[in-house]
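J.:
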Amino acid sequence: MQIKFCGADREVTGSCHLVKTSNNRFLVDCGMFQGSNFNEGRNHDDFPFDPKDIDFVLVTHAHLDHIGRIPKLIKEGFTGAIYMTEATCEFAKLIWEDAYGIMKYNHRKYNTPILFDENDVAEAISHCKGVKYNKKIKIEDNIFAVWKDAGHIFGAAFIEVEVSGKKIGFSGDIGNENVPILRDTQNLDELDVLLVESTYGDRLHEDIDTRRSIIHGLLKRGIQKGGTIMIPAFSLERTQELLYELNLLIEHDNLLPNVPIYLDSPLAIDATKVYKKFPSYYDQKAMCLHKAGDDFFEFPNLKMTYTKEESKKINRKKGPKVVIAGSGMMNGGRILHHAIRYLSDSNSTLIIVGYQANGTLGRRLYEGAEKVKIFGQDVGVKCEIKAIGALSAHGDQTKLVNWVNSGTKAPKKVYCVHGEPNGVTELAHKIKEALGVESYVPEYEEEVEV
Ligand SMILES: [Zn+2]
1006 MQIKFCGADR EVTGSCHLVK TSNNRFLVDC GMFQGSNFNE GRNHDDFPFD PKDIDFVLVT
1066 HAHLDHIGRI PKLIKEGFTG AIYMTEATCE FAKLIWEDAY GIMKYNHRKY NTPILFDEND
1126 VAEAISHCKG VKYNKKIKIE DNIFAVWKDA GHIFGAAFIE VEVSGKKIGF SGDIGNENVP
1186 ILRDTQNLDE LDVLLVESTY GDRLHEDIDT RRSIIHGLLK RGIQKGGTIM IPAFSLERTQ
1246 ELLYELNLLI EHDNLLPNVP IYLDSPLAID ATKVYKKFPS YYDQKAMCLH KAGDDFFEFP
1306 NLKMTYTKEE SKKINRKKGP KVVIAGSGMM NGGRILHHAI RYLSDSNSTL IIVGYQANGT
1366 LGRRLYEGAE KVKIFGQDVG VKCEIKAIGA LSAHGDQTKL VNWVNSGTKA PKKVYCVHGE
1426 PNGVTELAHK IKEALGVESY VPEYEEEVEV
């Protein structure tokens, strides 16, 4: 059996791994490459395989960099089933439709190419099959797969695949410790081979227990300054975790002044509904709140602005306010309309709560750019910029190494993917050093025998 690395190799986006067995070919994830443009040029390149030869796709979770090229796969002749958890099915629909909407808008405005159309999206949706956590399913005579909690985003899983008795794990993205709402990352089975993400393979996060107090401190300071607090947030998970924490700070602990908080993202508003639909995925604490009748995604000063008109009105609101809007890496979405207005305001604050890929506006701001370009316009950066590592959706180096070693026996071989060159190299080194496990960093389009 061979694994061909077809994306997220020495970089963090474009996840796609091809597995070739004697009888079948299948993919684990098929995501978009993301960078300075929403729809990077490389997404339009030919796949390093023929989509018509792929029998089925296994999906770890609904982030665009893991599912974004699936409608393109369909467009180019893939006809098989796409397996994912039930919540991921619902998110996938939202994410693909949203991506198509953004591409259509960009095409109209800047004449950029479109990767797939609404028919491809509808077709992709019709191929999705929902699976339950921890229920091993038979996909082919000799191929079984099981989805287990990754603790990364709602519905996210790592997948353990058994091919003719050999076990291969695909981490997808592995979450941080003690994330609100989500159950913890499950332990690994005894595996022959593991592909592990390395987003924070070279970093350690601050203590997660301080998450709420850091958010509290930053918001309090931002509100005192009287400006706008912008939080670019991924519509899945970061947003809902923020709402959860804000609900506790505001409704339970009464710790923040009553300023308007806007959730300015139709995608995040729709995604929040999926959370409410699957309370069975909640961790114990969220389940207790849910059973006690606490809707932790709503509180009195939260305003959900679904339409463009409602969104535009936010700018007219004087005084301090908090705006949570996508995209999380500021490479598109409504956050740009707020950024163009408030980045140059020294009373305003930008709080970065997620990973910022190379080339994105969020990354440039995080690295201290004094001037940026938004919609072709130069914007001087005067606002305060803060980042909260503890809110990251990804586990840090310690978490990843412990997780790799979480089975009764460590995997025989580990491949480090989904990380920038430093992340993958340092994680591979650490795994070898701490666990004595053979580790390897593959190149794009490299094929290995497993
Ligand atoms: Zn992810």
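In terms of this note's numbering, the sequence shown is residues 1006 to 1455.
Beta carbons are placed, not taken as given, at the ideal position from N, Cα and C, and that holds for glycine.
Distance, Cα to Cα, Gly-1019 vs Pro-1076?
T.: 14 Å
J.: Write down the C-beta distance between Pro-1265 and Ala-1330 rounded to the nearest angstrom, noting that I regard them as a contact closer than 8 Å.
T.: Rounded, the Cβ-Cβ distance is 14 Å, inconsistent with contact.
J.: Residues in its own chain within less than 6 Å of Glu-1128 by CB, not counting five upstream and five downstream?
T.: Ile-1079
J.: Hey, would you say the C-beta of His-1068 is under 7 Å away from at least one heavy atom of ligand 1?
T.: yes
J.: Consult DSSP for Asp-1383 and reduce its assignment to one of helix, strand or coil.
T.: strand
J.: Assess, as a yes-or-no matter, whether the region 1129–1140 is touched by the region 1087–1105 under the definition of 3 or more beta carbon pairs within less than 8 Å.
T.: yes
J.: For Ile-1087, list the residues DSSP reports as bridge partners.
T.: Val-1062, Cys-1133
J.: By DSSP, does Met-1335 sit in helix, in strand, or in coil?
T.: coil
J.: Per DSSP, what are the beta-bridge partners of Ala-1330 in this structure?
T.: Pro-1237
J.: Using 8 Å as the Cβ pair cut-off and three pairs as the minimum, do the region 1227–1236 and the region 1197–1217 touch?
T.: no
J.: Between which residues of its own chain and Leu-1248 is the CB-CB distance below 6 Å, once the five residues before and five after are set aside?
T.: Phe-1302
J.: How would you write the range of the beta strand (DSSP E) that Ser-1444 sits in, first residue to last?
T.: 1443–1445
J.: Mapping DSSP to helix, strand and coil, what is Asp-1154?
T.: strand
J.: For Asp-1154, verify whether its CB is less than 7 Å away from any heavy atom of ligand 1.
T.: no
J.: Apply the 10 Å Cβ neighbour rule to Gly-1298 and answer buried if 16 or more other Cβ atoms are within range, or exposed otherwise.
T.: exposed
J.: Can the beta-carbon of Lys-1134 be found closer than 8 Å to that of Ile-1119?
T.: no
J.: Are the beta-carbon atoms of Arg-1216 and Leu-1355 separated by less than 8 Å?
T.: no
J.: Nearest to Asp-1401 by alpha carbon, out of Gly-1428, Ile-1144, Ile-1357?
T.: Gly-1428
J.: Could you give the distance in angstroms between the alpha-carbon of Tyr-1347 and the alpha-carbon of Val-1327?
T.: About 12 Å.
J.: Taking the C-alpha atoms as reference points, what is the distance between Asp-1350 and Glu-1081?
T.: Straight-line Cα distance between these residues: approximately 47 Å.
J.: Classify Ala-1086: buried if its beta carbon has 16 or more other beta carbons within 10 angstroms, exposed otherwise.
T.: exposed
J.: Where DSSP assigns a beta bridge to Val-1166, which residues make up the other side?
T.: Ala-1150, Ile-1173
J.: Please classify Lys-1009: does DSSP put it in a helix, a strand, or coil?
T.: strand
J.: Within this structure, are the beta carbons of His-1399 and Asp-1178 separated by less than 8 Å?
T.: yes
J.: Taking the CB atoms as reference points, tell me whether Pro-1447 and Val-1422 lie closer together than 8 Å.
T.: yes
J.: What separation, rounded to the nearest whole angstrom, lies between the Cα atoms of Ala-1150 and Lys-1387?
T.: Approximately 51 Å between the Cα atoms of the pair.
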